[in-house]
Each structure stands twice: as structure tokens, then as C-alpha cells.
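**Q** Questions regarding the structure given below will be posed in turn.
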Amino acid sequence: MPPRFRGCWAVIGLRTSREAANIQASSGIILGNSIQMRFDDVILGRRSIRGYKPDPVPKALIEEIIGLAMRAPSSMNTQPWNFYIVTGEPLDRIRAGNTERMVAGVPQSREFRTGQAFVGPHRDRQVGVAKQLFSAMGIERDDKDKRQDWVLRGFRQFDAPVCVIVTYDRVLDGSDDTPFDCGAVATALVNAAWSRGLGAVINSQGIMQSPVVREHAGIADDQVIMKSIALGWPDESFPANAVVSERKSVDEATVFVGFDN
Numbered sequence: 001m002p003p004r005f006r007g008c009w010a011v012i013g014l015r016t017s018r019e020a021a022n023i024q025a026s027s028g029i030i031l032g033n034s035i036q037m038r039f040d041d042v043i044l045g046r047r048s049i050r051g052y053k054p055d056p057v058p059k060a061l062i063e064e065i066i067g068l069a070m071r072a073p074s075s076m077n078t079q080p081w082n083f084y085i086v087t088g089e090p091l092d093r094i095r096a097g098n099t100e101r102m103v104a105g106v107p108q109s110r111e112f113r114t115g116q117a118f119v120g121p122h123r124d125r126q127v128g129v130a131k132q133l134f135s136a137m138g139i140e141r142d143d144k145d146k147r148q149d150w151v152l153r154g155f156r157q158f159d160a161p162v163c164v165i166v167t168y169d170r171v172l173d174g175s176d177d178t179p180f181d182c183g184a185v186a187t188a189l190v191n192a193a194w195s196r197g198l199g200a201v202i203n204s205q206g207i208m209q210s211p212v213v214r215e216h217a218g219i220a221d222d223q224v225i226m227k228s229i230a231l232g233w234p235d236e237s238f239p240a241n242a243v244v245s246e247r248k249s250v251d252e253a254t255v256f257v258g259f260d261n
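Quick note on numbering: the sequence shown equals residues 1 to 261 in UniProt numbering.
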């Protein structure tokens, strides 16, 4: 039986424990009275984290983060999102299933629409961040083994202790508003996590083999799997975690209309 939603999220394999709560001592997090960050600090400081400590994340802290994220705006307040939060053995089974199918050459089976291959400046940015990451990790262009290991790391959810699977109500399938709204709540989630000392990375690798994810997370048939978010305590010794991806300038991205200057 799939887990029943509490509000709009379900927890799979997650346990609270005093040991988990005591992680704060080594991570600089004060649970219940989290480190306060200014909005600018969160937005400018947040990075995509691809290396994690193995320490568990307290369920209470995840509840707090989800509660903050759900203040994100949505089209006409429809709030189409739901969350399956997976850890422990269920997450290990998802990692194993994803990896086995990837190595066996099983075609991907994502449930959301994907566009064409990136070209032009979009491809340039994709290649640019890959070069930053490979440089940080010491992965040479012709090192096929290390490059393959990096790809498989994504299918394992970057070995994070928690995976948040973002889904939406199937009755809304086909609406362009729905994935836009899911993007808003995912952005709010990773920013809320960062403000509490947790790292995250929004990704598609973790849900490319949707049948595996659906089976082991017990995802209900009335849900469409949208994205996954790896979540956990950042391993500051992991080189790729220091990478700050580049952004377009405001001038490149913005057109002001009707302003005096």
C-alpha cells in the first residue's frame, strides 16, 4: 500500500532519533531555532550540493523545510505539488534499481515532457558548468571511467541520505502552469534547506527510471513524478561542492519598458 499523505507529503523510511538531532553539534545547526540568514545570504550563498555526509536528517527539520517551501506561489492557489521523502532502505533500493537499469542500457522513462537537446547559448551554459565540475573533481575529458562514475553518482542521488521526490496531481497533467508551480516550490525548498544548513540539488537523474522510483517509494497512481531533490548535510571536503555556477547578467536577461533611465 502506498503511504498516506499527511497534508501533501509522505515520509518513507525516515525515523526521528536523538542521534539524528545531535548532528547539530558537528554541522552548526541549532534545531528548533535555526541559524538565521538574510534573504540575500541564502540566495547568493546557495550552491547545488553533490557530496553529502552520511548523517541522517531529522524528520522534524524536514517538516519545517517543507512547511516553508509550501508558501511558494501557485497558479490560482492550486498547489498541485506533493512530496515523497525517502531515506534508508527504500532509498537504497531506488539507488540500486536506477544504477542497474542505467548500466544495462535500459532507456530512460521519465514521466514529464522533455525538450530537444540544448543548442546555442543554452548548450554553452550546460557545457560550462560541466567543465567547472569536472575540473573541481579532477576528471579529464578522455577519462571515460571517471565520467561514467560521475553519471552514476547522479543516478544514486549523489549518495545523499534523503531524496525528496516532487510529484503533482495527475488530474492536472497537460497544464503548463503545473510544472511552473512545481518549479516554484522546488526553488523554495532548496532555499529553505540552505537557510537551515542543509544542502540540496534538484535533479532528473534520480527519477529517470520512474518505475523503480514509483515501486520503492510507493507513489500513488494519481501522481505524476516531476523531479527529485537530493538533500543532506554538505560534505565540505567534496571538491564539486565549492563550484559556483555562472549566471547571466541582469542586462542580458532583462528588458525594461517605460522607465526614464
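In this text, a Cβ means the ideal position worked out from N, Cα and C, and glycines have one as well.
Just so it is clear, the structure is predicted and the values come from calculations on it, not from any experiment.
With distances taken from CA atoms, which of ILE139, LYS144, MET76 and LYS227 is nearest PRO239?
**A** Along the sequence shown, one-based indexing puts residue 239 at 239. Here the closest residue by C-alpha is ILE139.
**Q** Given this structure, state the Cα-to-Cα distance separating LEU31 from LYS248, to the nearest angstrom.
**A** Counted from its first residue, the sequence shown places residue 31 at position 31. Counted from its first residue, the sequence shown places residue 248 at position 248. For LEU31, the predicted model reports a pLDDT of 41, less than 50, meaning its position is unreliable; a value from the coordinates is still stated below. Roughly 36 angstroms separates the two Cα atoms.
**Q** Tell me which same chain residues have a C-beta within less than 8 angstroms of the C-beta of ILE219, skipping the five on either side of it?
**A** Locating residue 219 in the sequence shown gives position 219, where the first residue counts as 1. Excluding sequence neighbours, ILE219 sits near PRO2, TYR84, ILE165, THR167, VAL213 and ILE225.
**Q** Can you tell me whether ASN261 is buried or exposed? The criterion is at least 16 other CB atoms within 10 Å of its CB, across all chains shown.
**A** Mapped onto the sequence shown, residue 261 falls at position 261. ASN261 should be labelled exposed.
**Q** So, are the CB atoms of SER228 and GLN132 less than 8 angstroms apart?
**A** Counted from its first residue, the sequence shown places residue 228 at position 228. Counted from its first residue, the sequence shown places residue 132 at position 132. The answer is no: Cβ separation not under 8 angstroms.
**Q** Within its chain, find whatever has a CB closer than 7 angstroms to the CB of VAL42; leave out the 5 residues flanking it on each side and keep chain order.
**A** Stepping through the sequence shown from its first residue, residue 42 is reached at position 42. Contacts found: ASN191, TRP194 and SER195.
**Q** List the whole-angstrom C-beta distance separating LYS53 from GLY258, where the pair is believed to meet the contact cut-off of C-beta under 8 angstroms.
**A** Taking the first residue of the sequence shown as position 1, residue 53 is located at position 53. Taking the first residue of the sequence shown as position 1, residue 258 is located at position 258. Not quite, the Cβ-Cβ distance comes to about 50 angstroms (not below 8 angstroms), so this is no contact.
**Q** What residue range does the beta strand (DSSP E) around ALA200 cover?
**A** Here residue 200 is taken as the residue at index 200 of the sequence shown, counted from 1. That run of the beta strand (DSSP E) goes 199-203.
**Q** Measure the Cβ-Cβ separation of THR114 and PHE155 and say whether it is below 8 angstroms.
**A** As a working note, residue 114 is residue 114 in the sequence shown. As a working note, residue 155 is residue 155 in the sequence shown. Cβ distance not < 8 angstroms, so THR114 and PHE155 don't count as in contact.
**Q** Starting from the C-beta of GLN157, find all residues in its chain whose C-beta is less than 6 angstroms away, skip the five residues before and the five after it, and write them out in chain order.
**A** As a working mapping, residue 157 is identified with position 157 in the sequence shown. Taken in chain order, the residues that qualify are CYS163, GLY206 and ALA230.
**Q** For CYS182, list the residues DSSP reports as bridge partners.
**A** Within the sequence shown, the letter at position 182 stands for residue 182. Paired residue(s): none; CYS182 is not in a bridge.
**Q** Using three-state DSSP, classify residue 267 as helix, strand or coil.
**A** Here the chain has residues from 1 to 261 only, and residue 267 is not among them.
**Q** By Cβ distance, which residues of its chain are closer than 8 angstroms to ALA117, with the 5 residues on each side in sequence left out?
**A** As a working mapping, residue 117 is identified with position 117 in the sequence shown. Counting only Cβ-Cβ distances below 8 angstroms, and skipping sequence neighbours, we find ARG123.
**Q** Helix or strand or just coil, what does DSSP make of TRP194?
**A** Start at 1 with the first residue of the sequence shown, and residue 194 comes out as number 194. Here TRP194 sits in helix by DSSP.
**Q** Can you tell me the Cα-Cα spacing of GLY174 and ASN203, whole angstroms?
**A** Stepping through the sequence shown from its first residue, residue 174 is reached at position 174. Stepping through the sequence shown from its first residue, residue 203 is reached at position 203. Rounded to whole angstroms, GLY174 to ASN203 spans 21 angstroms at the Cα level.
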